[in-house]
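Peer 1:
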Amino acid sequence: MITEGFKKAQLRLTGKTIIQERHIEEAIRDIRVSLLEADVEFHVVKGFTERVKAKALGEIVQTRVSHAGKKLKVGPQEHFIKICYDELVSLMGPVDTSLDLGNREVNAVMMVGLQGSGKTTTTAKLARHLKEKGKKPMMVAADVYRPAAIEQLKVLGKKLDIPVFSAPAKTPPEICRDSLEAAQFKGCDVVIFDTAGRTIVDEALMRELEDIKTAARPENILLVVDAMIGQESVNIAREFDRRLDMTGFILTKLDGDARGGAALSIKEVTKKPIKFVGMGEALDRLEEFRPDGLASRILG
Amino acid sequence: FAGGTDIDEDVMSRLEETLVGTDIGVRTAYRLFEGIREKLGSASMKDASSVMRVIRQEIAAILKKRQSWLELPEGVRPFVIMVTGVNGSGKTTTIAKIARRFIGDGRSVIIASGDTFRAAAVEQLEHWAGKVGADFVKAHEGADPSAVAYDALEAAIARKKDVLIIDTAGRLHTKENLMEELKKTKRVLAKKLPGAPHSILLVLDATIGQNAIEQTRQFHKALGVTGIVLTKLDGSSKGGVIVGIADEFDIPIHYIGIGEGMDDLEAFDADAFVDALFL
Ligand SMILES: Nc1nc2c(ncn2[C@@H]2O[C@H](COP(=O)(O)OP(=O)(O)OP(=O)(O)O)[C@@H](O)[C@H]2O)c(=O)[nH]1
Ligand SMILES: Nc1nc2c(ncn2[C@@H]2O[C@H](COP(=O)(O)OP(=O)(O)OP(=O)(O)O)[C@@H](O)[C@H]2O)c(=O)[nH]1
Ligand SMILES: [Mg+2]
Ligand SMILES: [Mg+2]
């Protein structure tokens, strides 16, 4: 668990008034193990620990931290934790949970990701969220492969009283393109494409996503990622980003006990913002992303 | 990894990078390094390829202990399989694949939709049952999963089916009430047919990192998992977390999932897995 490592690092520095380089080295090692165990990607961990080490060596002894104007003198261990926390928060910010929903009559959001990551559920959650904000969303069943995928979206649409567009005889690029017109006809102002899950090694399916983008020109392309994902998070995010130039990503299943190290990895490598987090199976369990929330989850 | 000066620092960090990258996990990687330290003299620990060769052997040995195919014992009918795992891991699709295998071997299979919660879960499984040629016990949305399991077992017995496979809704192991629901289903089955469920499968997604260990721990603690299926190995993830799982838990690894089609299932082979791990 990441929290264990951070506590261990903290304990190493407790009670010391003069921090030597080797104390920092040891504390950094604990943090490194912790971050790797939290599924932060190997090279992202390397970069993070190097930055923290450099800051720590420069600042740790006799430091003051100001809290709401009052200057407090803190021990090196609290200062070390603060350096880690600040570095995590700055890594995962700045906060940008906005969606581009302004410049066309019908704006589009395209949901992409690996199999089972939570795209269909998140499509419904996002539609509900937008409806609450006064938009008129329409969900688009662009997964023509998975058994009962269209049915799944229709059931969710019925539950939320949100229209679902489907045209199973057509190809996903055609379906997404045609949905824009259907939405306009129905008076909807935003469409959300629920695409099929796919792996990055499937050339044909990755190409299909590019074709959907070409055909429907979505303003927003969101990568939906399972918070428990492992070391491949970076390769996966990079590949989706390389092909589609995504506008942001969503981390799902954060209601579990996975530390969500993927959030750091993906953000660090793509620089794209985390827009939302999924916090449960229910359709109201979607929250706008807050870096301090995730940082303190990681720091414990 | 800092312990010994007998392994070259650079070799060490490169090996660690390779191992960690497969999701083996830093702690399991450390254990492997310590384990082979005795096997190799300090001289050969400086050479990356010989260290790697021994690590591969070590991993294969760990996995071979758990390599164990799901076989139907004589005289057990219906053989009851309960399929569990976290959300989206591949349970429903894996059931289709397993059913297809048994049907291909000449067995009669009945599938029950124990997921009465998620949108169109029943329809999804119903589609698969039709495709593979299995009987299907359909549940109403919102029906009690234990009641569905009970009815399915009754049907399996009445229709003299060889195998009953019960699908359950995905759930995170942190949700106590949902884990209790699984325990209740297990109890209900055991009461109806002593010995049932004969197999409790945990479906793990190979793209998941270290959380898979905790998933295994909690599902095993709650139910006594009798077999693991590792899915989505056709993706870019290596599923290395299974090594730590195999090392810690005495749970057979039956199958791997290598695609979305009903034939995309293979019996778990430790040597093939290790080869693919370091490709
Ligand atoms: N606990 C929890 N479960 C979630 C969350 N988001 C989705 N799920 C569940 O994860 C499973 C998969 O969700 P789907 O929406 O079907 O995933 P998908 O990406 O559309 O799957 P494919 O279309 O097959 O690629 C379902 O059981 C969902 O209920 C979340 O934030 N928390
Ligand atoms: N590439 C690949 N995809 C798989 C594999 N197994 C399952 N999937 C896909 O993963 C997604 C989720 O599969 P499901 O069978 O619905 O998973 P589940 O565990 O039943 O999901 P919930 O019931 O929602 O918890 C689907 O898109 C499947 O096609 C596999 O071995 N390889
Ligand atoms: Mg889907
Ligand atoms: Mg299912």
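Chains A and B, in that order, give the protein sequences.
Take the first sequence: its position 267, counted from the start at 1, is 1078 in the working numbering, and no numbers get skipped.
Take the second sequence: its position 33, counted from the start at 1, is 35 in the working numbering, and no numbers get skipped.
Every residue gets a Cβ at the ideal spot worked out from N, C-alpha and C, and that includes glycine.
Please find out if some non-hydrogen atom of ligand 2 comes closer than 8 angstroms to the beta-carbon of Gln-220(B).
Peer 2: Walking along the second sequence from the start, residue 220(B) turns up at place 218. Not under cutoff, so the answer is no.
Peer 1: Is it a yes or a no for the region 232-251 of chain B touching the region 17-31 of chain B, going by three-plus beta-carbon pairs under 8 angstroms?
Peer 2: The answer is yes - the region 17-31 of chain B touches the region 232-251 of chain B, with three or more Cβ pairs under 8 angstroms.
Peer 1: Do you know how far the Cα of Glu-898(A) is from the Cα of Leu-21(B)?
Peer 2: Stepping through the second sequence from its first residue, residue 21(B) is reached at position 19. Stepping through the first sequence from its first residue, residue 898(A) is reached at position 87. In a straight line, the C-alpha of Leu-21(B) is about 27 angstroms away from that of Glu-898(A).
Peer 1: Could you check which residue in Met-1017(A), Ile-1023(A), Glu-962(A), Ala-1007(A) has the C-alpha nearest to that of Asp-989(A)?
Peer 2: Here residue 989(A) corresponds to residue number 178 of the first sequence, with the count starting at 1. The residue with the shortest Cα to Cα distance from Asp-989(A) is Ile-1023(A).
Peer 1: Does DSSP classify Phe-891(A) as helix, strand or coil?
Peer 2: Taking the first sequence and counting its residues from 1, one reaches residue 891(A) at position 80. DSSP places Phe-891(A) in helix when its eight states are reduced to three.
Peer 1: For Asn-914(A), which of helix, strand or coil comes out of DSSP?
Peer 2: Here residue 914(A) corresponds to residue number 103 of the first sequence, with the count starting at 1. Note: Asn-914(A) maps to coil in three-state DSSP.
Peer 1: With 9 angstroms as the C-beta to C-beta threshold (strictly closer), list the residues of the region 1039-1057 of chain A near chain B in chain order.
Peer 2: Met-1039, Ile-1040, Gly-1041, Gln-1042, Glu-1043, Ser-1044, Asn-1046, Ile-1047, Glu-1050
Peer 1: Please report the straight-line C-alpha distance between Lys-882(A) and Ile-894(A), rounded to a whole angstrom.
Peer 2: Sequence index remark: in the first sequence, residue 882(A) carries index 71 (1-based). Sequence index remark: in the first sequence, residue 894(A) carries index 83 (1-based). Residue placement at Lys-882(A) is poorly supported in this model, since its pLDDT is 47, which falls under 50; the coordinates still yield a value, given next. Computed Cα separation, rounded: 17 angstroms.
Peer 1: Applying the criterion that 16 or more other CB atoms from any shown protein chain within 10 Å of the CB defines a buried residue, is Asn-89(B) buried or exposed?
Peer 2: By 1-based counting over the second sequence, the position of residue 89(B) is 87. So Asn-89(B) ends up on the buried side.
Peer 1: I'd like the ranges of any alpha helix (DSSP H) spanning at least 4 consecutive residues and lying wholly in the region 116-181 of chain B.
Peer 2: 123-134, 147-160
Peer 1: Tell me the rounded alpha-carbon separation between Lys-67(B) and Ala-248(B).
Peer 2: Position 65 of the second sequence holds residue 67(B). Position 246 of the second sequence holds residue 248(B). Roughly 8 angstroms separates the two Cα atoms.
Peer 1: Mind checking whether Thr-1081(A) and Arg-1049(A) have CB atoms under 9 angstroms apart?
Peer 2: In the first sequence, counting from the first residue as 1, residue 1081(A) sits at position 270. In the first sequence, counting from the first residue as 1, residue 1049(A) sits at position 238. Cβ distance < 9 angstroms, so Thr-1081(A) and Arg-1049(A) count as in contact.
Peer 1: Give the interface partners of Ile-258(B) over in chain A, defined as CB-CB distance under 8 angstroms, in chain order.
Peer 2: Sequence index remark: in the second sequence, residue 258(B) carries index 256 (1-based). Listed along the chain, the chain A residues whose CB falls inside 8 angstroms of the CB of Ile-258(B) amount to none; the nearest CB is some 14 angstroms away.
Peer 1: Roughly how many whole angstroms lie between the Cα atoms of Thr-874(A) and His-890(A)?
Peer 2: Residue numbering aside, residue 874(A) sits at position 63 when the first sequence is read from its first letter. Residue numbering aside, residue 890(A) sits at position 79 when the first sequence is read from its first letter. Residue placement at Thr-874(A) is flagged as unreliable, the pLDDT there being 49, under the threshold of 50; a coordinate-derived value is accordingly withheld.
Peer 1: So, is Ser-15(B) buried or exposed, given that buried needs 16 or more other C-beta atoms within 10 angstroms?
Peer 2: The residue given as residue 15(B) occupies position 13 in the second sequence. Per the 10 Å Cβ criterion, exposed.
Peer 1: Please confirm if Gln-831(A) has its CB atom under 9 angstroms from at least one CB of chain B.
Peer 2: For the purposes of this step, residue 831(A) is taken as the residue at position 20 of the first sequence. So, not an interface residue.
Peer 1: How would you call Gly-6(B), buried or exposed, if buried means at least 16 neighbouring beta carbons within 10 angstroms?
Peer 2: In the second sequence, the residue the question calls residue 6(B) occupies position 4. Residue placement at Gly-6(B) is poorly supported in this model, since its pLDDT is 47, which falls under 50; the coordinates are not used for a value here.
Peer 1: For ligand 4, which residues count as neighbours when the test is a C-beta closer than 5 angstroms to any heavy atom?
Peer 2: Lys-93(B), Thr-94(B)
Peer 1: My assumption, with CB atoms under 8 angstroms, is that Val-245(B) sits in contact with Ile-64(B). Please give the rounded CB distance.
Peer 2: Taking the second sequence and counting its residues from 1, the one referred to as residue 245(B) is at position 243. Taking the second sequence and counting its residues from 1, the one referred to as residue 64(B) is at position 62. Sure, about 6 angstroms apart at Cβ, within 8 angstroms.
Peer 1: Measure the C-alpha to C-alpha separation of Ser-115(B) and Gly-968(A) and round it to an integer number of angstroms.
Peer 2: Residue mapping note: residue 115(B) aligns to position 113 of the second sequence, counting from 1. Residue mapping note: residue 968(A) aligns to position 157 of the first sequence, counting from 1. Going by the C-alpha atoms only, they are around 22 angstroms apart.
Peer 1: Starting from the C-beta of Ala-174(B), find all residues in its chain whose C-beta is less than 8 angstroms away, skip the five residues before and the five after it, and write them out in chain order.
Peer 2: In the second sequence, counting from the first residue as 1, residue 174(B) sits at position 172. Sequence inspection shows Leu at residue 174(B); the Ala mentioned does not correspond to that position. So the list reads Val-88, Asn-89, Leu-180, once near-sequence residues are dropped.
Peer 1: Would the region 1030-1047 of chain A and the region 209-229 of chain B be scored as touching if the rule is three or more Cβ pairs under 8 angstroms?
Peer 2: yes
Peer 1: With a threshold of 9 angstroms between beta carbons, is Thr-874(A) in contact with chain B?
Peer 2: Locating residue 874(A) in the first sequence gives position 63, where the first residue counts as 1. Because Thr-874(A) sits at a pLDDT of 49, beneath the cut-off of 50, its placement in the model cannot be relied upon, and the following sentence gives the value as read from the coordinates. No, no contact with chain B.
Peer 1: Could you tell me the distance, in whole angstroms, from the CA atom of Gln-1117(A) to the CA atom of Glu-18(B)?
Peer 2: Since the displayed chain A opens at 812 and closes at 1111, residue 1117(A) lies outside it and no answer follows.
Peer 1: Do the CB positions of Ile-159(B) and Pro-80(B) come within less than 9 angstroms of each other?
Peer 2: Reading the second sequence from its first residue, position 157 is the one you call residue 159(B). Reading the second sequence from its first residue, position 78 is the one you call residue 80(B). Yes. Within cutoff.
Peer 1: Do Asn-213(B) and ligand 2 come close, with the Cβ less than 8 angstroms from some heavy atom?
Peer 2: Here the question's residue 213(B) lines up with position 211 in the second sequence. No, ligand 2 has no heavy atom inside 8 angstroms of this Cβ.
Peer 1: Which residues in chain A sit within 9 angstroms of Asp-236(B), going by Cβ to Cβ distance?
Peer 2: Taking the first residue of the second sequence as 1, we reach residue 236(B) at position 234. By Cβ distance, chain A contributes Thr-1010, Val-1012, Asp-1013.
Peer 1: So with CB distances below 9 angstroms, who are the chain A contacts of Ile-210(B)?
Peer 2: Stepping through the second sequence from its first residue, residue 210(B) is reached at position 208. Against Ile-210(B), the close residues of chain A are Asp-850, Asp-1037, Met-1039, Ile-1040, Gly-1041, Ala-1069, in the order they occur along the chain (beta-carbon pairs closer than 9 angstroms).
Peer 1: Report the start-end ranges of each beta strand (DSSP E) in the region 188-216 of chain B that is 3 residues or longer and not cut off at the edges.
Peer 2: 201-207
Peer 1: Kindly indicate which residue of Thr-228(B), Ala-131(B), Lys-99(B) has the alpha-carbon position closest to the one of Gly-197(B).
Peer 2: Numbered from 1 along the second sequence, position 195 holds the residue referred to as residue 197(B). Its Cα nearest to that of Gly-197(B), the residue Thr-228(B) stands out among Thr-228(B), Ala-131(B), Lys-99(B).
Peer 1: Ligand 3: which residues have Cβ under 7 angstroms from any of its heavy atoms, chain order?
Peer 2: Lys-930(A), Thr-931(A), Asp-954(A), Arg-957(A), Ala-960(A), Gln-963(A), Asp-1005(A), Ala-1007(A), Gly-1008(A)
Peer 1: Output the distance between the C-alpha atoms of Met-84(B) and Ile-202(B), rounded to the nearest integer angstrom.
Peer 2: Residue numbering aside, residue 84(B) sits at position 82 when the second sequence is read from its first letter. Residue numbering aside, residue 202(B) sits at position 200 when the second sequence is read from its first letter. When rounded, the distance between both Cα atoms is 5 angstroms.
Peer 1: I'd like to know whether the C-beta atoms of Pro-979(A) and Glu-1019(A) end up nearer to each other than 9 angstroms.
Peer 2: Counted from its first residue, the first sequence places residue 979(A) at position 168. Counted from its first residue, the first sequence places residue 1019(A) at position 208. Cβ distance not < 9 angstroms, so Pro-979(A) and Glu-1019(A) don't count as in contact.
Peer 1: Let me check you understand the geometry: is the CB of Ser-1076(A) closer than 8 angstroms to at least one non-hydrogen atom of ligand 1?
Peer 2: In the first sequence, the residue the question calls residue 1076(A) occupies position 265. No - ligand 1 has no heavy atom lying nearer than 8 angstroms to the Cβ of Ser-1076(A).
Peer 1: From the DSSP output, in three-state form, read off Val-900(A) for me.
Peer 2: Residue mapping note: residue 900(A) aligns to position 89 of the first sequence, counting from 1. Note: Val-900(A) maps to helix in three-state DSSP.
Peer 1: Run the CB neighbour count on Gln-926(A), radius 10 Å, all protein chains shown included, and call it buried at 16 or more, exposed below.
Peer 2: For the purposes of this step, residue 926(A) is taken as residue 115 along the first sequence, with counting starting at 1. Buried, since its Cβ has 16 or more Cβ neighbours within 10 Å.
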